[in-house]
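Number of protein chains: 2
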Amino acid sequence: MTERQNGTGTSAGRARGPVTIYDVARLSGVSPSTVSRALNNPGRLSADTEKRIREVADAVGYRLNPMARALPTGRTHTVGLILSDITNPVYFDLVRGVERVAAGRGYILILAESQESADLENETAQRLLASVDGLVLVATRLDNADIRALAERKPLFVVNRKVRGIPGVVPDVVPGIRAALDHLAEQGHRSIAYLAGPSGSWMSRLRGRTLAAAAGERGMTIVEIGPGEPTLQGGQAALQSIRDSGATAVLAYNDLMATGLLKACRDGGVRVPEELSVIGFDDIFGSDFTSPPLTTIRTPLGLVGDEAARRLIAAVEKGEEGRRTPLATEFVLRGSTAPPRG
Amino acid sequence: MTERQNGTGTSAGRARGPVTIYDVARLSGVSPSTVSRALNNPGRLSADTEKRIREVADAVGYRLNPMARALPTGRTHTVGLILSDITNPVYFDLVRGVERVAAGRGYILILAESQESADLENETAQRLLASVDGLVLVATRLDNADIRALAERKPLFVVNRKVRGIPGVVPDVVPGIRAALDHLAEQGHRSIAYLAGPSGSWMSRLRGRTLAAAAGERGMTIVEIGPGEPTLQGGQAALQSIRDSGATAVLAYNDLMATGLLKACRDGGVRVPEELSVIGFDDIFGSDFTSPPLTTIRTPLGLVGDEAARRLIAAVEKGEEGRRTPLATEFVLRGSTAPPRG
DNA sequence: CACAGATTGGCAACCGGTTGACAGGCTCGT
DNA sequence: ACGAGCCTGTCAACCGGTTGCCAATCTGTG
Chain A
1 MTERQNGTGT
11 SAGRARGPVT
21 IYDVARLSGV
31 SPSTVSRALN
41 NPGRLSADTE
51 KRIREVADAV
61 GYRLNPMARA
71 LPTGRTHTVG
81 LILSDITNPV
91 YFDLVRGVER
101 VAAGRGYILI
111 LAESQESADL
121 ENETAQRLLA
131 SVDGLVLVAT
141 RLDNADIRAL
151 AERKPLFVVN
161 RKVRGIPGVV
171 PDVVPGIRAA
181 LDHLAEQGHR
191 SIAYLAGPSG
201 SWMSRLRGRT
211 LAAAAGERGM
221 TIVEIGPGEP
231 TLQGGQAALQ
241 SIRDSGATAV
251 LAYNDLMATG
261 LLKACRDGGV
271 RVPEELSVIG
281 FDDIFGSDFT
291 SPPLTTIRTP
301 LGLVGDEAAR
311 RLIAAVEKGE
321 EGRRTPLATE
331 FVLRGSTAPP
341 RG
Chain B
1001 MTERQNGTGT
1011 SAGRARGPVT
1021 IYDVARLSGV
1031 SPSTVSRALN
1041 NPGRLSADTE
1051 KRIREVADAV
1061 GYRLNPMARA
1071 LPTGRTHTVG
1081 LILSDITNPV
1091 YFDLVRGVER
1101 VAAGRGYILI
1111 LAESQESADL
1121 ENETAQRLLA
1131 SVDGLVLVAT
1141 RLDNADIRAL
1151 AERKPLFVVN
1161 RKVRGIPGVV
1171 PDVVPGIRAA
1181 LDHLAEQGHR
1191 SIAYLAGPSG
1201 SWMSRLRGRT
1211 LAAAAGERGM
1221 TIVEIGPGEP
1231 TLQGGQAALQ
1241 SIRDSGATAV
1251 LAYNDLMATG
1261 LLKACRDGGV
1271 RVPEELSVIG
1281 FDDIFGSDFT
1291 SPPLTTIRTP
1301 LGLVGDEAAR
1311 RLIAAVEKGE
1321 EGRRTPLATE
1331 FVLRGSTAPP
1341 RG
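Listed below in structure tokens is the structure:
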């Protein structure tokens, strides 16, 4: 009779802590291991016993302790999501996508921020490693070696970055960029500025490269401005360089920068789109109510989050990454572009 | 010599799993309990031993397993944050505040969404209870009884809702609302509409009540429109009722609704602010680049997140809630208000 | 009716830490 | 020289589950 701490003797008393399988076992007259089997090994026990135990567990409101299960099994039923900047609106839908899928499959979401620092990101990932079944890295600042090292410990999924041998997703930027350039060409623009994001950003380089290639095909010239912070401030700060470049249209690394640029234009008396056409990237919350409404290249961020969670969990549970869904960007025409003057 | 699984015999071999205190113990020739004490009971061991163990732990890259520690201690070093809607921009800064404070104090953040459903919220809270040291509930849809029941199991902190006996924070809405009404009165508005949020929202009722009281003091009349969804759509849908009410100015439950209303006005040919003055609430991301820029009542959401995390962790660690910081709203004058016509 | 094989449930070890109790060795005072 | 008391490190139990292995019981068959 090893009476564990919870037994309060004869009187029911108020239970000290949460109900455990030991309580359920005692109340249904079986051993703890039997309770464990009844609950997560259906069919292993006789139908009678299983049903009885389930009823008792239900009646007393038993809930398993995820940590206690994690210890022997190594499975935490938790996914970690590391972002460089939680308040960047570009991530909201992505976070929701991950959370919904995770919750729907019985997983918990751990959220962490790396504050745009590679060191902090690595430290954070290490810190989380033991607590999660897998990690989603979004727009990571880590180098390939660090990423591979992490992937050796736990399943990893990388969003907006391609790393050989590591599962991940990068929405195809080509269709959006082509459509945007077609639109600008049609309006008569020949010289386009690319307002680059952070120098360490793989995605900013990809967008820049793709843009340069697509511009070449259309006989347009690209001048790269930046790098700059991927924020409103970063966009605001770039106005002067853009004007100096002589470009008649700008494609910004993301909507935040584009919006900052819009603001700088208003403040500086540059009329958009008459004097300068501006195109953003991602279609974040708010870009349809800037003034003028921002023309942009939409990234399906909710779907990206879905995909990340789905495939990460598939890797965790079945050891294989699930089916890949093709994800593409799309040009969204609003009010911030027009033919150049003259 | 109970050689636990990790021992790979003579050759170093590649370690199976993560490094444990058992590994550190073996390598430094002490017992596991000594390692544990060296690491988190400074002074309990001789300086020599402690230093030696620390060095070994460092050298082999030991990291404690938070779950393994949580089991005997009951302390997970994790805080849970439950939001009704992750993509609502009102929460971004709040989430960041919580995450920063938590991370700074060595805590992990678990994020969950209740999708505006009380049942789902309760279920989520129950599910998370064993995994966290405490829970932050934001704009909860739970009733007081449920909240108290949760608070009996783990420390709880409630944001934007007052529940007797439960620690929480509600930024003072009075100064912001008074200033807003003073401004409207000055411009000559007499009849104001309040565009209410969800019927279950405590905060919406508080804002409505406070507004009614402040209006009374100024001899203005308030007509309440709604309830409505706290979203862009909710705001858009309300335009007709507002026009019908004859009010010359609207104060919306939040910026999302105010922004939706702005859009409906543009679509419906109602000029803002000439024909209708619109004031939002919270000053979320984006409300300074609507057209016209939204006049609003700012809530210091980052500080609210800070406060929540700080005081929750104080409650967890010291059993007492920490010092309260007074948090107040503030009127932010931008471009969506003007004197009424006529 | 005996016995093989399948069912059913329990024992005990294990996951990786923490911590109360305790033993051996030291230091120190007298 | 001897005992009190301190310092240091170990032992073992525990947190709440999971799971390999085994024993007892039940079933069916010849």
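Listed in order, the protein sequences are those of chains A and B.
Be aware that the first sequence starts at 1, since it is given in the numbering used here, and climbs by one per residue.
Be aware that the second sequence starts at 1001, since it is given in the numbering used here, and climbs by one per residue.
Backbone N, C-alpha and C define an ideal beta-carbon position, used for all residues, glycine too.
**Message:** Relative to the C-alpha of A/E50, which candidate in A/A237, A/A68 and A/V30 has its C-alpha closest?
**Reply:** The shortest Cα separation from A/E50 among A/A237, A/A68 and A/V30 belongs to A/V30.
**Prompt:** Going by alpha carbons, who is nearest to A/G305 out of A/V173, A/A102 and A/R209?
**Reply:** Comparing Cα-Cα distances from A/G305 to each of A/V173, A/A102 and A/R209, the minimum goes to A/A102.
**Request:** Kindly list the residues whose CB is nearer than 6 Å to the CB of B/A1151, restricted to its own chain and excluding five residues on each side of it in sequence; keep chain order.
**Result:** I1166
**Prompt:** Roughly how far, in whole angstroms, is the beta-carbon of A/A125 from the beta-carbon of B/M1067, given that I think they are within contact range, below 8 Å?
**Reply:** About 17 Å separates the two Cβ atoms, so there is no contact after all.
**Prompt:** What does A/N122 touch in chain B if you count any residue whose Cβ is under 7 Å from its own?
**Reply:** Under the 7 Å cutoff, chain B gives no residues; its nearest Cβ is about 12 Å from A/N122.
**Asked** Helix, strand or coil: which one does DSSP assign to A/D23?
**Response** The answer is helix: DSSP assigns A/D23 an H, G or I state.
**Asked** Going by DSSP, what residues sit across from B/L1081 in a beta bridge?
**Response** B/L1111 and B/V1136
**Message:** So A/A193 and A/A149 are supposed to be a Cβ contact under 8 Å. How far apart are they, rounded?
**Reply:** Contact flag wrong, Cβ pair sits at about 38 Å.
**Asked** Considering only C-alpha positions, which residue in the set B/L1239, B/L1262, B/G1235 and B/S1245 is nearest to B/I1222?
**Response** Of the candidates B/L1239, B/L1262, B/G1235 and B/S1245, the one whose C-alpha sits nearest the C-alpha of B/I1222 is B/S1245.
**Message:** So, under 8 Å CB-CB, A/P227 and A/G197 are touching, yes? Tell me the CB distance rounded to an integer number of Å.
**Reply:** 6 Å
**Request:** For my contact list, A/R334 and A/P300 are in at a C-beta cut-off of 8 Å; report their separation, rounded to the angstrom.
**Result:** Going by Cβ atoms, the distance from A/R334 to A/P300 rounds to 17 Å, so no, they are not a contact pair.
**Endpoints, the beta strand (DSSP E) within which A/T295 is located** = T295 to R298
**Request:** Kindly list, in the order they appear in chain B, the residues whose Cβ is closer than 8 Å to that of A/V159.
**Result:** Residues of chain B passing the Cβ test: none, with the nearest at roughly 17 Å.
**Asked** Can you give the beta carbon distance from B/R1218 to B/F1281, rounded, assuming they're within the 8 Å contact cut?
**Response** The pair is not a contact, with the Cβ atoms about 18 Å apart (cut-off 8 Å).
**Cα-Cα separation, A/V163 to A/E317** = Going by the C-alpha atoms only, they are around 22 Å apart.
**Item:** Backbone CA spacing between A/S84 and A/L128 [nearest angstrom]
**Value:** 15 Å
**Message:** Quick check: A/A393 and A/L195, are their CB atoms within less than 7 Å of each other?
**Reply:** The requested residue 393 of chain A is not part of the displayed model; chain A covers only 1 to 342.
**Item:** Burial state of B/Q1240 (16 or more Cβ within 10 Å)
**Value:** exposed
**Asked** Buried or exposed: A/P89, going by 16 or more other Cβ atoms within 10 Å of its Cβ?
**Response** buried
**Asked** Taking the alpha-carbon positions, what's the A/I21 to A/T329 distance?
**Response** 50 Å
**Message:** Please return the same chain residues whose Cβ sits closer than 6 Å to the Cβ of B/V1190, not counting the five positions on each side in sequence.
**Reply:** Checking the sequence, you will find Arg at residue 1190 of chain B rather than Val. Once the five neighbours on either side are set aside, the close Cβ partners of B/R1190 are M1220.
**Prompt:** From which residue to which residue does the beta strand (DSSP E) around B/F1092 run?
**Reply:** It is not in any beta strand (DSSP E) - B/F1092 instead sits in the alpha helix (DSSP H) that spans F1092 to G1104.
**Request:** Please confirm whether A/A213 and A/R178 have their CB atoms less than 7 Å apart.
**Result:** no
**Item:** Against chain B: residues of the segment 88-113 of chain A by CB proximity under 8 Å
**Value:** P89, F92, D93, V95, R96, E99, R100, A103, I108, L109, I110, L111, A112 and E113
**Asked** Going by alpha carbons, who is nearest to B/S1204 out of B/L1181, B/N1160 and B/I1242?
**Response** For B/S1204, the nearest C-alpha among the options comes from B/N1160.
**Prompt:** Thinking C-alpha only, which one of A/L303, A/R37 and A/V60 is nearest A/L27?
**Reply:** Looking at A/L303, A/R37 and A/V60, the one whose alpha-carbon comes closest to that of A/L27 is A/V60.
**Message:** Please list, in chain order, the chain A residues whose beta carbon lies closer than 7 Å to that of B/K1263.
**Reply:** F289
**Item:** chain A contact for B/I1086 (CB, 7 Å cutoff)
**Value:** yes
**Message:** Please report the straight-line C-alpha distance between A/G7 and A/L64, rounded to a whole angstrom.
**Reply:** Since pLDDT at A/G7 reaches only 38, below the 50 mark, its modelled position is unreliable, and the value read off the structure follows with that caveat. Going by the C-alpha atoms only, they are around 18 Å apart.
**Prompt:** Straight-line CA distance for B/S1046 to A/F157?
**Reply:** 44 Å
**Selected residue, minimal CA-CA separation from B/T1296, among B/A1308, B/A1309 and B/V1278** = B/V1278
**Request:** Give the straight-line distance between the Cα atoms of A/N254 and A/S287, rounded to the nearest whole angstrom.
**Result:** 11 Å
**Message:** Less than 7 Å between CB atoms is the rule here; does A/S36 satisfy it with respect to chain B?
**Reply:** no
**Message:** Give me the subset of the segment 48-65 of chain A whose CB atoms are less than 9 Å from a CB atom of chain B, sorted by chain position.
**Reply:** G61, R63, L64 and N65
**Prompt:** Does any CB atom of chain B fall closer than 7 Å to the CB of A/S33?
**Reply:** So, not an interface residue.
**Prompt:** Closer than 8 Å, Cβ to any Cβ of chain A: which residues of the segment 1308-1342 of chain B, in chain order?
**Reply:** none
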